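Below: one structure, written as C-alpha cells.
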C-alpha cells in the first residue's frame with residue numbers, strides 16, 4: 001500500500017479546514033517578513049543618509065561670526081558649517097523655509113532634478129511640493145524673489161519635515177523646505193545663521209564633546225544659544241520611533257498566528273489518527289514501522305505549513321518595496337536600495353514548519369505510542385470525562401445547558417484554540433481602535449488641557465525686561481540623567497502663578513506651578529516618583545544639578561521637568577528676571593530675527609486631518625485582518641464541533657428536535673467562550689499598547705497615553721459579534737445537511 005496516495009484524500013476530506021490553517025500561516029509569515037523588511041530597509045536608508053550626508057549632532061546659533069573656525073574644528077574634533085535660513089511667507093497660512101545649500105554638514109540629497117546652479121533656482125521638499133502643486137520647472141515667489149523649481153531634495157536634519165523641532169505632526173499644506181544657492185539669501189531681510197556640528201569621534205560621548213565645543217566657543221569670545229541636540233529634534237527622532245515600533249510588533253503577531261495554527265493542526269491530526277486507529281493498528285500488524293506512519297501523518301501538516309509560509313513570504317517580498325515607498329510619503333529620504341533579507345525570508349518559511357510540525361508530531365506521537373492490539377480495537381474513540389467536568393455539578397441544570405457545557409469541557413484543546421483565537425482577533429481589533437483613540441486624546445485633549453496658550457515664542461538670545469500683556473515668560477535647557485547620557489530631557493522654568501500651563505495629578509487635581517513637577521512619561525523613563533531626588537547633568541555646561549520631585553503630572557505630550565523660573569535661573573546662573581521664550585494667548589509683534597522659532601497651536605487641527613487619514617486607513621486594515629482571523633478560527637472550531645457530533649445531530653433529528661433547536665444545541669455552546677475571549681482581550685490590548693509605546697518613549701521625547709474609549713470597545717464587540725454570527729450562520733447550513741441516516745450508519749458500524 002502506498003501511503004503517500006492517501007495525502008490528497010486526507011486533504012480532500014476537509015479542504016476548508018486545511019485552507020483555513022494555511023491562511024493563518026500565510027498571514028503570520030506575511031506580517032513577519034513585511035514588518036521586518038520595512039523596519040530594516042527604513043532603518044538602513046536613514047542610517048546611510050545620516051552617514052553619507054553627515055547629519056548634524058547638534059545645532060546652535062552664535063552672537064557673532066566664529067573668528068577661527070578651522071582651529072575650533074580641530075580642537076573640538078568636529079565638522080562645523082554655517083547655514084542660512086529664511087522663513088518666507090507665501091500666504092497667510094503657508095510658509096516656505098529657504099535654506100542655503102551646505103557642503104560639509106547636513107548635505108542635501110537631490111531626489112529628482114539637479115542642484116541649483118544660480119540664485120534664481122531652488123529645490124523643494126517633495127511632500128510640500130506635492131501638497132501645494134509645484135512640479136519641476138514651475139516657478140514661485142518667495143522672499144520677494146522669483147525661483148524656478150529644478151528638483152526635489154531631502155535633508156538629513158529634515159527627514160520628518162516639521163516647522164519646529166518640537167512639533168508632533170507636520171502640515172505639508174502650511175510648511176515646507178526649499179534649498180537654494182547661499183548667494184540667493186544674501187542681503188535678504190530676516191535671514192538667520194545656524195551652525196551645524198557633527199563630531200568626528202562617533203563612538204565617544206556626544207554630551208562631553210558638546211560641552212567641550214561650548215567651552216572652545218567661549219574661549220574665542222563667542223556666545224552660543226538655541227542648542228538643539230539631534231536626539232531631541234523630532235525631525236530626526238520620529239522616523240526612528242516608527243522603525244522601533246515595527247520591530248517591536250514584527251514578532252508577537254506572527255508567533256501568535258503560528259501558535260494558533262499549531263494548536264488547531266494538532267487537533268486535526270490527533271482526530272485523524274484516532275479515526276484511523278483500526279487502520280493504523282492493522283498497518284502495524286502488516287509490518288509498517290512507527291517511523292513510516294509518523295512520516296505519513298506528518299506530511300500534511302508540514303505541507304500546509306510550507307505552502308502557507310512560502311506564499312506569505314513571497315507576497316511579503318513583493319509588498320516590501322511599495323510599503324517602504326508609502327512610508328516615504330511622510331519621511332523624506334533618498335531611496336538608494338530596497339533589499340530583502342535571506343534570514344528574514346528563511347524565518348518566514350521555517351517558523352511555521354517548526355510550529356506546525358511540532359504540534360503535529362506531539363499529536364501523532366500520543367496515538368502511535370499505543371500498542372497495535374489496542375489500536376485495532378478502536379477503544380480510543382471513547383469520550384473521556386475530564387477532571388474539571390467531574391468536579392462541576394451539572395445534574396441540576398437544564399438539558400440544553402448541560403449539553404453545551406459538556407460539549408466544551410470534553411474537548412479542552414478545541415476550547416483553548418477557540419479562546420486564544422478570539423483573544424487574538426479581538427486584540428488586534430481593540431489595539432487598532434486604541435491607537436486611534438490614544439492619538440486623538442494626545443493631539444486634542446492632552447495638548448489643549450495642558451497648554452492653554454495659542455502661541456509659543458522661542459528667542460535666539462536670553463531676554464530680560466517686562467513681558468507683553470497676555471504672555472508669560474519661560475526658560476528651558478537640556479539635561480541628562482547622571483550616568484545615563486541617553487536619558488535626555490528638557491527642564492523648563494515657568495511662572496509660579498502660570499495660567500497658561502495647567503498640570504494635573506492622576507486624580508485630576510491641579511498641581512501648583514511653584515513646585516517641581518515632572519511629566520508622567522519622563523518619570524517612568526527615569527524611574528522616579530514624587531518625593532525622589534534626581535541628579536542630572538546640563539547638556540551644555542556639564543554641571544551636576546539636583547532636583548527634588550514634588551509631584552508627577554499626568555501630561556504625556558513631552559518629557560518635561562517643570563520648576564519655578566526663578567529657581568531655574570538660579571540653578572543655571574541666569575539673571576533673575578531673564579527668560580528664553582513666551583507663552584501667549586495672542587499673536588505678538590516680535591522681530592523675526594530675534595526668534596529661534598514660533599509654534600502656532602492653531603495649526604494642530606490641520607495637521608491632524610492629514611494624520612488621521614493615514615491612521616484610519618491603518619485601523620481599517622487591522623480591523624479587516626482581525627475579522628478574517630476571527631471568521632477563520634470560529635469556522636474551524638464550528639467545523640470540528642459538527643464533525644465530532646454528526647451522530648448526535650442525526651439523533652436529535654430522529655428524536656424530533658426542530659432545526660433551530662439543533663442549531664442552538666450544537667453551535668451556541670461557544671457563546672460564553674467567545675465572550676470570555678473578547679473580555680480578556682481588553683486589558684491585553686491596553687497592556688500591549690502601553691508596552692509598545694513606552695518603548696518608543698526612549699526614541700521620542702513624548703509618550704502616547706493608553707486610552708481605551710468605551711465607544712470603540714462597544715464597536716469592537718459589535719464587529720466581533722457580527723463575525724461570530726456570520727460563522728454560526730455558515731455552520732448552521734452544515735448542521736442542516738447532516739441527515740438522520742448518520743445515526744443508522746453508526747449503529748451499523
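Residue numbers (UniProt numbering): 1 to 749.
Glycine included, every Cβ here is placed at the ideal spot set by N, Cα and C.
Values in this document were obtained by computation on a predicted structure and should not be read as measured data.
Can we say the segment 619-626 touches the segment 424-436, given the rule of at least three CB pairs closer than 8 Å? yes
Inter-residue spacing [alpha-carbon to alpha-carbon] between residue 747 and residue 264: Note on residue 747: pLDDT 49, under 50, position unreliable in the model; the coordinate value appears next. Whole-angstrom Cα-Cα distance: 30 Å.
Hey, how far is the Cα of residue 149 from the Cα of residue 171? 21 Å
Using beta-carbon positions only, say whether residue 158 and residue 177 come within less than 8 Å of one another. yes
Of the residues 18, 403 and 734, which one's Cα is nearest the Cα of residue 261? 18
Identify, in the order they occur along the chain, each residue of the same chain with its Cβ nearer than 8 Å to the Cβ of residue 235, setting aside the five sequence neighbours on each side. 157, 158, 159, 160, 161, 162 and 165
Alpha carbon to alpha carbon, what distance is there between residue 417 and residue 739? 28 Å
Name the DSSP beta bridge partners of residue 515, please? Residue 515 pairs with nothing; no bridge assigned.
What's the gap between the Cα of residue 16 and the Cα of residue 270? 17 Å
Does the Cβ of residue 80 have 16 or more other Cβ atoms within 10 Å, making it buried, or fewer, making it exposed? buried
According to DSSP, is residue 566 part of a helix, a strand, or is it coil? helix
Mind pulling the beta strand (DSSP E) runs of 3 or more residues that sit fully within the segment 157-214? 175-180 and 192-199
Under the assumption that residue 724 contacts residue 654 (Cβ atoms under 8 Å), give the Cβ distance between them as a whole number of angstroms. Actually they do not touch by this definition, with Cβ atoms about 29 Å apart.
Within 10 Å of its beta-carbon, does residue 381 have 16 or more other beta-carbons around it, so buried, or fewer, so exposed? Any answer about residue 381 is weak, because its pLDDT of 49 lies below 50 and its placement is not dependable; what the coordinates show is given next. So residue 381 ends up on the exposed side.
I'd like the ranges of any beta strand (DSSP E) spanning at least 3 consecutive residues and lying wholly in the segment 122-163. 139-142 and 145-154
Supposed close pair residue 309, residue 25 - CB separation, criterion 8 Å: 6 Å
Candidates 267, 600 and 37: which alpha carbon is nearest residue 337's? 37
Kindly provide the ranges of any alpha helix (DSSP H) runs that are 4 or more residues long and lie completely inside the segment 697-736, ordered along the chain. none
With H, G and I counted as helix, E and B as strand and the rest as coil, what does DSSP make of residue 497? coil
Alpha carbon to alpha carbon, how far is residue 513 from residue 712? 35 Å
How about residue 106 and residue 54: do their beta carbons lie closer than 8 Å? yes
Jot down the residue ranges of each uninterrupted alpha helix (DSSP H) in the UniProt domain "ABC3 transporter permease C-terminal" (255-370), minimum 4 residues, whole runs only, in chain order. 277-285, 290-327 and 342-368
Stretch-stretch touch, CB-based, cutoff 8 Å, three pairs: the segment 41-49 with the segment 324-341: yes
Taking the C-alpha atoms as reference points, what is the distance between residue 347 and residue 243? 20 Å
Beta-carbon within less than 8 Å of residue 580's beta-carbon, same chain only, minus the 5 sequence neighbours each way: which residues are those? 458, 459, 462, 463, 474, 475 and 476
Between the CA atoms of residue 333 and residue 751 - distance to the nearest angstrom: What the structure shows of the chain is the stretch from 1 to 749, and residue 751 is not part of that stretch, so it cannot be assessed.
7 Å Cβ shell around residue 226 - same chain, five flanking residues per side excluded: 60, 61, 460 and 596
Counting along the chain, where does the alpha helix (DSSP H) carrying residue 417 start and finish? 412-441
Return the residue from the list 11, 27 and 13 that minimises the CA-CA distance to residue 633. 27
Please determine, among 424, 35 and 87, the residue with the shortest C-alpha to C-alpha distance to residue 681. 424
Residue 559 - partner residues in DSSP beta bridges: Paired residues: none, contrary to the question.
Drop a sphere of 10 angstroms on the beta-carbon of residue 509, count the other beta-carbons inside from all chains shown, and report buried for 16 or more, exposed for fewer. exposed
Proximal residues to residue 685 (C-beta, below 6 Å), its chain only, five neighbours per side dropped: 427, 430, 431 and 434
Is residue 119 helix, strand or coil when you go by DSSP? coil
What residue range is occupied by the uninterrupted alpha helix (DSSP H) comprising residue 648? 646-654
Helix, strand or coil for residue 220? Go by DSSP, reduced to three states. coil
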